[in-house]
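Structure record follows, encoded as C-alpha cells.
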Amino acid sequence: MKILMVASEAAPFAKSGGLGDVVGSLPGALRENECDVAVLLPRYKGVGLSSMRRVYDLLPVWIAGIFYQCSLYLAETSAPFYFLECPQLYGRDGYYGDAAGDYPDNAIRFAVLSRAALAVARRVFRPDIVHCHDWQTGLVPAYLNTVFANDPTYIGTKTLFTIHNLGYQGLFPKSALPAIGLDRRVFHMNGLEFFGKVSCIKAGIVYSDGISTVSRRYAVEIQTEEYGFGLDGVLRERGSKLYGIPNGVDYGNWNPETDPYIAAHYSVDDLAGKAACKRDLVREFGLPQAAMKRPLAGVVSRLTPQKGTELIIEIIPELISQDVSLVLLGSGDAEYETPLREASQAFPEHIAVRFGYDEAVAHKIEAGADMYLMPSQYEPCGLNQVYSLRYGTVPVVRATGGLDDTIEEGTGFKFREYSARSLVAAIRAASAAYQDKDAWKAMMRRGMRKDFSWRVSAAEYAGLYRKLLTARGAA
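Note that the sequence shown covers residues 5 to 479 in this note's numbering.
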C-alpha cells in the first residue's frame, strides 16, 4: 500500500505539540507493516535545506485562478519527507501565527498545502490512501470529492482523516470560500458550514472515507455534547467510520537508558541515575537543595484552558502546605504567565517556572521529577504521561481521553472531577505513596515496563488502510 501523509508539522523538522511527534514517528513504523509511506509538509522558515534535494522547481498549484509559485524538496529519513516551499506563505517565524494571533491568511496557507498534496499525488507519489492530519489538511478530502470528483487520476484513492484535537477547528468566514477554490454549494449543514463559518475540520470529517482519532476513549468522548465542540452530531452520524487508534511513542527519542539530554542514564533494573537527574533538575531550575528531600512535581505543557493550567495555579498554596515542589515549562496564553511568575517569586523554595519550550529541559523534567501533573479538561491522547511512565515519573492525571486509557491503577493516580479539590486529593495520595520508598519504586517499575511503542498502533493503522481500500463505494 502506498500512503501519502499530509500534515502541518512533523518532528524533528517542525513541532509545536503532539501532532509533530506523531507524524514524525508513525511513517517509519508503518514501513514495517508493508506500507510505502511519504509525507508532505510545509517548508517553514526554520527548516533547513542542507540535507534535502529539490524535486520540483515549480510545482503547479492553482486555486481559484491564482497560481502559487511553489517548489518541492525531499529529505530521505525514516520515510521520504517532501517539503512544500512557498516563501510568501510559509517563510514566517511561526507555524500558525505570531504574538498578534493566528495569521489572517491561514485559510489560503493550508488550502495551498492541500492542493499541493493532490499535485504531489498526481506527479510525484501516487498513493492508494491520502492520510490527512487535523484541520490544516481537512480540505484534501473536500477537494477530492468536489473539484476533482471526476478526475481519473484519483479514482480509487481513499482518504483517512485523523483528528488530533477537535478543539482546533480551522474556522474562517464564508467569504473565504472563493479564495480556497470551493463552490458556495458546499456551504451547508452537511458540508463545510459550521454556525455561519467555513470549518476545515468539518470538511475532513464529512468528506473523508474514514476518520480516526488518537485514543479509544476520545473517539467515544467526541460524539458527546461535552467534548464534541459542536461537531458531536456529525461525528455520531459518521460513527461507523470513526476509529480510535492510540498514539505510540518513539522510544528511540524518549528512553532514560540512552537519552542524551539527561544527567545520568538509568533503567527499570537500575534506578540509581534517577536521583542524579533530580539533582540536575533542581539545579537547572534554581530550587534549593532541600527540594531533593521533597516530592518534586513536573509539568511540560501549553498554558491553555484545555491543559488545566488554571487548576495548577489554583492549587499552588496547597502544594506548599503539602511540601511538594513544582517545576513547570510552558508556553501559551499570557494570562497564565503572570500568576505563575508571581507564584515562583512568592515561593522560590518550592515553585520554579520557565516560559517557552526547550526540548532538553523537557527531557530533564521527565527524568528528574518524581511525579508528573496532567490535569487536562480533555486530552485526545497525551504523550507526556507515557513518556513519564518510561522515565519512572509517576503520572497524576485527570481521567479523560488518552489519559484514562494509558494510566492504570498501580502505575499512576487519576481523578475524574475537573476541579482543584480533586487534583489536590490525587496529589495528596501520590505524596503519601511517595513516603513509602519501596512501594514507590515498585510503582515506578510497573510504569517503566509498559510498552506504548508504535508497533501495535502502526499495525492498527495498516489494518484500517486495508479496510478502507476494500470498502465498497464512497464513505
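Where a beta carbon is used, it is the ideal one built from N, C-alpha and C, also for glycine. Just so you know, these numbers come straight off a predicted model, no measurement behind them.
Nearest neighbour of residue i, chosen from the options [CA to CA]
i	options	result
P87	D102, L53, I266	Strictly speaking, residue 87 in this sequence is Phe, with Pro absent from that position. The candidate whose alpha carbon is nearest that of F87 is L53.
L34	G160, D155, A83, V59	A83
G406	K178, L30, T217, G24	T217
P384	L117, R221, V65	R221
L196	L175, G214, D213, I215	L175
G290	A436, T163, S348, D102	S348
A15	V51, N37, I7	V51
K445	P352, A276, K311	A276
H168	R130, R432, H137	H137
L122	E464, P108, W139, K162	K162
G185	A68, F351, G243	A68
D284	S271, D274, I266	I266
L45	C74, N37, C281	C74
A430	Q326, A207, V41, A350	Q326
A403	K418, Y270, Y391	K418
Distance CB(residue i)-CB(residue j) smaller than 8 Å
i	j	result
L330	A301	yes
V10	T141	yes
I319	L427	yes
M452	R358	no
P299	M375	yes
P145	S203	no
R130	V65	no
V253	S457	yes
V503	A279	Absent from the structure is residue 503, since the part of the chain shown begins at 5 and ends at 479.
S219	G248	yes
L143	F114	yes
D340	I317	The sequence given here has Tyr at residue 340, not Asp. Yes.
Supposed close pair residue i, residue j - CB separation, criterion 8 Å
i	j	result
C39	A466	6 Å
L472	G171	Actually they do not touch by this definition, with Cβ atoms about 26 Å apart.
Q310	Y361	Not a contact, Cβ separation roughly 16 Å.
T410	Q439	Rounded, the Cβ-Cβ distance is 25 Å, inconsistent with contact.
V26	N251	5 Å
L93	V116	6 Å
D97	K49	6 Å
E89	R47	4 Å
T415	M447	7 Å
Endpoints, the alpha helix (DSSP H) within which residue i is located
i	result
I266	I266 -> no alpha helix (DSSP H), and no H or E assigned at all.
M452	441-452
G237	236-241
P292	It is not in any alpha helix (DSSP H) - P292 carries neither H nor E in the DSSP assignment.
Element boundaries [beta strand (DSSP E), containing residue i]
i	result
E80	70-80
G248	246-248
G302	300-307
T166	162-167
E89	84-89
CB contact below 8 Å: residue i versus chain B
i	result
E412	No chain B appears in the structure shown, which is made up of a single protein chain.
Runs of alpha helix (DSSP H) wholly within the region 316-365 (minimum 4 residues, chain order): 338-350
Whole runs of the beta strand (DSSP E) within the region 29-63, excluding any shorter than 3 residues: 40-46
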